[in-house]
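Take the sequence shown: its position 60, counted from the start at 1, is 103 in our numbering, and no numbers get skipped.
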Amino acid sequence: MSDATERPAVDADAWAKACAEDLEAEKARRRTQYGTPPGSAAEELRKLLDVVADKVSAFQTSLPGMAAQSAVQQLVSQAKSAVEPVIERNPEIFDHLAAAGSELLAAYRSAVEGHERRWTQQRTPDPDSSGDATDPRDEGPGASEHIDLD
């Protein structure tokens with residue numbers, strides 16, 4: 044082969060390096076524009092426990108009596124010591140729990156919205172009734188009507 048037809052040596056990882064650089068640049072741009080994104084559910088729980096512990100420590104001076112101060116401090120330290128090993132071993136558990144909670148909330152909201160629509164719709168008169176357009180059993184959201192979540 045002649046030198047004119049030979050291809051120059053190409054870095055095999057050039058594409059991967061360029062993509063990684065572009066991704067890092069985009070992440071940096073988003074951090075400056077939107078701030079740091081929230082971490083995983085485990086990281087957020089750890090931050091929450093730290094903030095609660097700091098606030099409880101700050102409020103200890105206002106709590107009446109030394110017994111109350113030590114009880115609150117003991118409660119916070121027990122909560123942290125119970126949660127920390129779980130976060131360390133299985134941080135994805137909290138992501139799954141957060142997703143499950145969101146799904147439960149969506150299911151509850153769906154069930155309640157259906158009942159709210161029925162409660163707020165104008166009722167048609169029942170031919171067997173005395174012409175009253177409302178059902179005497181329908182007392183609105185405070186009624187003891189069973190809500191079926193299945």
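Glycine included, C-beta positions come from ideal geometry on N, C-alpha and C.
The structure presented is a predicted model; accordingly, all values stated were derived computationally and were not measured.
Compare the Cα-Cα distances from residue i to each of the options and report the closest residue.
i	options	result
residue 128	99, 101, 89 and 82	89
residue 93	124, 54, 58 and 153	124
residue 86	144, 137 and 156	137
residue 91	114, 158 and 122	122
residue 154	55, 192 and 160	192
Rounded to whole angstroms, what is the Cα-Cα separation between residue i and residue j?
i	j	result
residue 119	residue 72	38 angstroms
residue 148	residue 66	34 angstroms
residue 96	residue 152	33 angstroms
residue 117	residue 99	11 angstroms
residue 164	residue 114	53 angstroms
residue 159	residue 150	14 angstroms
residue 76	residue 68	12 angstroms
residue 57	residue 140	40 angstroms
residue 11	residue 157	The displayed coordinates of the chain run from 44 to 193. Any statement about residue 11 would go beyond what the structure contains.
residue 162	residue 143	29 angstroms
residue 62	residue 74	18 angstroms
residue 190	residue 126	35 angstroms
residue 101	residue 78	28 angstroms
residue 60	residue 145	37 angstroms
Using only the heavy atoms of the ligand PLP, determine whether one of them is closer than 7 angstroms to the beta carbon of residue i.
i	result
residue 65	Ligands displayed in this structure: none; no statement on the ligand PLP is therefore possible.
- prompt: Counting pairs of beta carbons, one from the segment 66–82 and one from the segment 125–139, are three or more of them closer than 8 angstroms?
  reply: no
- prompt: Can you give, in chain order, each stretch of the alpha helix (DSSP H) that sits fully within the segment 77–107 and has at least 4 residues?
  reply: 84–102
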